[in-house]
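Peer 1:
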Amino acid sequence: LNSKNLTMTSKLSFGICSCLLGLTHFLSAVQGAGYLQIRFNRYTNHEGRVEDGSLCDPFGATYVGDNCDPVFRLRVNKGGEGGGNLHDYQQPGVYDNQNTIDFGSKFGSVPNPVPIAMNFPNPGHAYVKVDVVDKDTFPPDDPMSKFTASLPLIADNVRRDMELTSPARHHRLSMTHWFTCYTNFYGQDCNTYCVAQNDDVNGHYTCDSNGRRVCMIGFTGTLCNEDIDECLMSSPCSNESTCVNTIGNFKCMCPPGFEGRLCDEDINECSESPPKCRNGGNCTNTVGSFRCTCPTGLTGRHCEQDIDECKLAAPPCRNNGSCQNSFGGFSCRCGPAFRGRRCEIRAEASVGSPTEALWKLPVIIVSAVLGTAIIAVIIALVVYQRRNSSRGTAGYEDNESRFDNEAYAA
């Protein structure tokens, strides 16, 4: 094969391998996935000695000083010491002239905490080994400390502190570790795969802390894709409201006077605007309704209707008084002998009252007319008598004169 074919074959092989690697990674991820995180806190070599007990850099080399020059190597295997290698980190630099190291946000040249991916079924533990050497100018470097630990892989949101001791010189390494599931993996071992869904094809559910499906309200079934008819199962609507089932839910059609999702909230009609009770009526809220206490003369649910008192079975005006209706009231026109709002008071009951004057006036007028007529008759009689009397005297005198004249003539 020529170089061109070799190149194409290499590219094809690389593509196939990449696809297989991606598929293997996906299948492994579905089986279980999480990551161990180790935060290194402090390293202490209190005497500044290497593993055999001698001082670090006792001669005039480049790394000479009172303290050691630590270099760290971190290895993590799954399961026990002989398990598959998961992580192998060799620090490229050196902590120059330091017997005590507070790591902070870096462990060597990598971020601290150090994440260690585990794309396989959880083995339960991870085996951690940390080797520390004193960096020398000429190899080999001097071994200083060895730390080992078996870390539980439990995704329980607990951060576990640990202090390791090197067996040779009792150097110390403190660290904190915890195990976290990848997204969509659940359970303490992160071996349960669950992806929340909310559609009619894949179902309607969330995932609990153990990766079990939790159906959304209104759905049931293995995939939570079966609608629940809440109206038939539990009659959720209150106060005789109408329940209407919907996909994954329901709604309540409330009767007047109630509101809320379940029609279980009373509406205070008395606080609404405009007021329910008109014309000065007093509103009292009741469960699901209201009641108006109307002023005198009005009626109706809202105090909107006038009462015609003049048409009542017992008319308000007494003693043949005339009733005139008005909005919210009435008035009475009483006869001359009665008075009061309802013509219930006799006029004689109050001397000098207008009612008394009204009925006495005709009597006075008639009496005056009769008196005047009598006086006129008397005067006419007197005048008549006087006239008659005057005529009699005049005749007598005429006779006497005539008699005297006759006598004188004789």
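Residue numbers (full-length UniProt numbering): 1 to 410. Glycine is no exception: its CB is placed at the ideal position from the N, C-alpha and C atoms. Everything numeric in this text was worked out from a predicted model, so none of it was measured.
Could you tell me the distance, in whole angstroms, from the CA atom of C310 to the CA atom of R333?
Peer 2: 12 Å
Peer 1: What do you reckon, are the CB atoms on D141 and V133 nearer than 8 Å?
Peer 2: yes
Peer 1: My parser needs the beta strand (DSSP E) runs of 3 or more residues fully inside the UniProt domain "EGF-like" (266 to 304); what are they?
Peer 2: 282 to 286 and 289 to 293
Peer 1: Do R39 and M175 come within 8 Å of each other at the CB atom, strictly closer than that value?
Peer 2: yes
Peer 1: Assess, as a yes-or-no matter, whether the region 328 to 343 is touched by the region 286 to 298 under the definition of 3 or more beta carbon pairs within less than 8 Å.
Peer 2: yes
Peer 1: Taking contact to mean 3 or more Cβ pairs, one atom from each stretch, closer than 8 Å, check whether the region 279 to 293 and the region 241 to 253 are in contact.
Peer 2: no
Peer 1: At 3 residues or longer, and completely inside the UniProt domain "DSL" (179 to 224): list those beta strand (DSSP E) runs for me, N to C.
Peer 2: 197 to 199, 203 to 207 and 213 to 215
Peer 1: What number of angstroms, rounded off, separates the C-alpha of C207 from the C-alpha of C224?
Peer 2: C207 and C224 have their alpha carbons spaced roughly 12 Å apart.
Peer 1: Measuring alpha carbon to alpha carbon, tell me which residue in D96, V158, F72 and N97 is nearest D88.
Peer 2: F72
Peer 1: By DSSP's criteria, Q90 is part of a beta bridge. Which residues make up the other side?
Peer 2: Answer by DSSP bridge pairing, in chain order: R73.
Peer 1: Between the Cα of T137 and the Cα atoms of I374, D69 and N157, which residue gives the shortest distance?
Peer 2: D69
Peer 1: At what residue ranges does the region 134 to 164 contain a whole run of the alpha helix (DSSP H), taking only runs of 4 or more?
Peer 2: Counting only runs of 4 or more, we get nothing.
Peer 1: Based on DSSP bridge pairs, tell me the residues matched to D227.
Peer 2: F219
Peer 1: Measure the Cβ-Cβ separation of N45 and S145 and say whether it is below 8 Å.
Peer 2: yes
Peer 1: Should G48 be labelled buried (16 or more other beta-carbon atoms within 10 Å of its own) or exposed?
Peer 2: By the neighbour-count rule (16 or more Cβ atoms within 10 Å), G48 is buried.
Peer 1: Can you look up I101 in the DSSP assignment and give me helix, strand or coil?
Peer 2: strand
Peer 1: On the DSSP letters alone, give me the boundaries of the beta strand (DSSP E) that K251 sits inside.
Peer 2: N249 to M253
Peer 1: Under a three-way DSSP split, which group does Y95 fall into?
Peer 2: coil
Peer 1: With DSSP as the reference, please indicate the residues paired to H177 in a beta bridge.
Peer 2: I38 and R160
Peer 1: Here's the rule I'm using: 16 or more other beta-carbon atoms within 10 Å means buried, otherwise exposed. How should E163 be labelled?
Peer 2: exposed
Peer 1: In whole angstroms, what is the alpha-carbon distance linking S54 and N77?
Peer 2: 31 Å
Peer 1: Going straight from the alpha carbon of T246 to that of D161, what length do you get?
Peer 2: 52 Å
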